[in-house]
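Report on the following structure.
Number of protein chains: 2
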Amino acid sequence: MRAAGEKKVTTSAGRNELPTRAPRKRAGRGAARPDDADEVGLDALVGHAGYAVRRFQIWIFQDFVRTLASVDIRPTQYSVMTVIGANPGLSQMAVAKRLGIERARLVHLLDSLEGRKLVRRIKSKTDRRSHALHLTAQGGLSLAKFKQLAAEHERHVEEKIGKGNRERLLQILAGFT
Amino acid sequence: MRAAGEKKVTTSAGRNELPTRAPRKRAGRGAARPDDADEVGLDALVGHAGYAVRRFQIWIFQDFVRTLASVDIRPTQYSVMTVIGANPGLSQMAVAKRLGIERARLVHLLDSLEGRKLVRRIKSKTDRRSHALHLTAQGGLSLAKFKQLAAEHERHVEEKIGKGNRERLLQILAGFT
DNA sequence: AGCAATTGTTGTCGTCAACAACAATCTTTG
DNA sequence: CAAAGATTGTTGTTGACGACAACAATTGCT
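Chains as they are written, first to last, in the numbering used here: chain A, 267 to 443; chain B, 267 to 443.
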């Protein structure tokens with residue numbers, strides 16, 4: 267519901283400023299006073315995996331949100347629906363554990379999705395504490411659309427870091443999924 | 267939880283009924299329904315770079331916080347001090363731009379660091395709007411210690427994904443730093 | 001001088017991880 | 001079987017964080 271920005275972000279959104287890194291001289295210590303951020307040396311920060319990953323994560327997140335803005339689905343919502351769609355009848359606990367999110371957080375997520383008639387909580391008969399999660403008919407249809415857009419987002423990632431690098435990345439991080 | 271032989275991704279577009287596992291601990295559920303998160307298929311989620319990166323980012327973040335817990339320094343604080351240490355005299359705007367954080371947010375960050383006598387805001391004489399940021403003597407000493415711990419954290423990353431993979435990762439994501 | 005832009009600051013809003021506490025409901029065990 | 005313990009969904013709080021909006025002081029531009 268934001269969309270107020272209406273920035274000139276095209277749907278392709280790739281190749282904006284990747285190779286900016288001008289091989290300029292390192293910011294000289296002492297007298298030099300780099301005012302432009304482009305000239306600021308990072309020193310020890312480069313070489314930290316966490317920093318690079320954080321920046322990349324932010325970029326990916328924003329592109330995902332932007333690409334799926336028309337359907338108003340955020341990454342976490344998408345992951346929840348995907349898991350439920352692939353494993354109907356899961357309990358909230360199971361979904362939370364699988365996605366590594368707090369079950370407390372999943373409550374709000376599902377409230378929202380259920381309010382939009384995408385997901386249903388059905389009381390389990392075998393365990394009256396838990397809910398069996400299912401996609402609604404509309405939810406299934408919608409998820410198909412979401413997946414299309416998510417695939418488009420994935421193409422943006424390819425454009426940004428290269429197809430081979432993306433696959434390599436997935437391979438390296440396969441242990442965390 | 268590595269989900270080793272996980273190849274239950276039946277590419278046939280239809281439903282992929284999970285391979286019937288013998289019901290383990292809990293009383294039989296009647297229908298084949300995975301209760302344990304370990305058995306839950308992710309389907310389309312695997313293959314999404316954003317998901318893998320997010321999980322990895324969370325892991326890295328937590329390890330960083332844990333490794334630097336003794337000095338009570340969080341990733342963002344570390345990045346701010348590193349940049350200031352490498353480029354003394356920077357303005358808040360320059361630091362914020364370089365690290366990709368909001369200048370509004372940097373205010374609180376610096377309030378905290380200045381309160382701990384690690385950095386100083388010195389009024390610029392050339393531009394009385396801005397502050398020149400410097401590490402205090404204690405801040406410089408502390409940063410050296412922080413860097414040691416950060417290097418230890420980085421070793422944890424190596425242990426987790428492998429030395430070569432870590433370097434490849436940094437290489438792939440170099441454009442985002 | 002006048003007006004737009006920048007800088008630091010304050011504040012709000014929404015997302016997210018991490019806990020804590022609780023009622024309802026299993027499961028275990030004495 | 002009944003009490004004790006554990007689990008599930010829920011509500012609430014805390015704190016870090018990104019995104020904005022508005023503002024005063026200051027600078028730059030014309």
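In this text, a Cβ means the ideal position worked out from N, Cα and C, and glycines have one as well.
Item                                                                                                                       : Value
Ile-388 of chain B classed as buried or exposed, judged by whether at least 16 other C-beta atoms fall within 10 angstroms : exposed
Contact residues within the segment 319-353 of chain B, judged by C-beta distance below 8 Å to chain A                     : Val-319, Arg-320, Arg-321, Phe-322, Gln-323, Ile-324, Trp-325, Ile-326, Phe-327, Phe-330, Pro-341, Ser-345, Thr-348, Val-349, Gly-351, Ala-352 and Asn-353
Proximity of Leu-399 of chain A and Met-347 of chain A at Cβ, strictly below 7 Å                                           : no
Touch test, the segment 359-377 of chain A against the segment 408-422 of chain A, Cβ-Cβ under 8 Å, three pairs minimum    : no
Residue environment, Val-373 of chain A, which counts as buried when at least 16 other CB atoms sit within 10 Å            : exposed
Check whether Arg-332 of chain A and Val-349 of chain A have beta carbons under 7 Å apart                                  : no
Neighbour flag for Pro-289 of chain A against chain B, beta carbons, 7 Å                                                   : Per-residue confidence for Pro-289 of chain A stands at a pLDDT of 37, beneath the threshold of 50, marking its modelled position as unreliable; the derived number appears in the next sentence. No, Pro-289 of chain A does not count as interfacial toward chain B.
Neighbouring residues, chain A, relative to Val-373 of chain B (Cβ below 8 Å)                                              : Those do not exist, as Val-373 of chain B stays about 17 Å from chain A at its closest Cβ, beyond 8 Å.
Where the beta strand (DSSP E) through Lys-389 of chain B begins and ends                                                  : 385-389
Cβ separation of Phe-322 of chain A and Val-319 of chain B, assumed to be a contact under 8 Å, to the nearest whole Å      : 6 Å
Expected contact under 8 Å - CB spacing of Arg-369 of chain A and Met-359 of chain A to nearest Å                          : 6 Å
Distance between Pro-354 of chain A and Ala-303 of chain B (C-alpha atoms, nearest Å)                                      : Here the model assigns Ala-303 of chain B a pLDDT of 44, short of 50, so the residue's position is not dependable, and the following value carries that caveat. About 13 Å.
Local conformation of Leu-439 of chain A per DSSP, three classes                                                           : coil
3-residue-minimum beta strand (DSSP E) runs that sit fully inside the segment 346-389 of chain B, ordered along the chain  : 385-389
Interface residues of chain B facing Gly-406 of chain A [CB-CB closer than 8 Å]                                            : Residues of chain B passing the Cβ test: none, with the nearest at roughly 10 Å.
Backbone CA spacing between Ile-438 of chain B and Gly-428 of chain B [nearest angstrom]                                   : 15 Å
Own chain, CB closer than 6 Å to Ile-339 of chain B, minus 5 neighbours either side, in chain order                        : Phe-412
Short CB-CB distance (under 7 Å) between Phe-442 of chain A and chain B                                                    : yes
Nearest neighbour of Ser-396 of chain A, chosen from A:Ala-417, A:Gly-430, A:Val-361 and A:Ala-315 [CA to CA]              : A:Val-361
Any chain A beta carbon closer than 7 Å to Val-423 of chain B                                                              : yes
Contact set between Leu-379 of chain B and chain A, taken where Cβ atoms lie within less than 8 Å                          : Those within 8 Å of Leu-379 of chain B in chain A number zero; the least Cβ separation is about 16 Å.
Proximal residues to Gly-366 of chain B (C-beta, below 6 Å), its chain only, five neighbours per side dropped              : none
Test item: CB-CB of Lys-383 of chain B and Gln-414 of chain B under 7 Å                                                    : no
Beta carbon of Gly-316 of chain B nearer than 7 Å to that of Phe-330 of chain A                                            : yes
Alpha helix (DSSP H) segment containing His-314 of chain B, residue limits                                                 : Where His-314 of chain B is concerned, there is no enclosing alpha helix (DSSP H), given that its DSSP letter is neither H nor E.
Under 9 Å by beta carbon: chain A residues contacting Leu-399 of chain B                                                   : Going along chain A, no residue has its Cβ under 9 Å from Leu-399 of chain B, so there is no contact; the nearest lies around 11 Å.
Contact set for Leu-334 of chain B: own chain, Cβ-Cβ below 8 Å, skip 5 residues either direction                           : Arg-340, Tyr-344, Phe-412, Leu-415, Ala-416 and His-419
Beta carbon proximity, Ala-310 of chain B to chain A, threshold 7 Å                                                        : yes
Check whether Leu-401 of chain B and Val-385 of chain B have beta carbons under 7 Å apart                                  : yes
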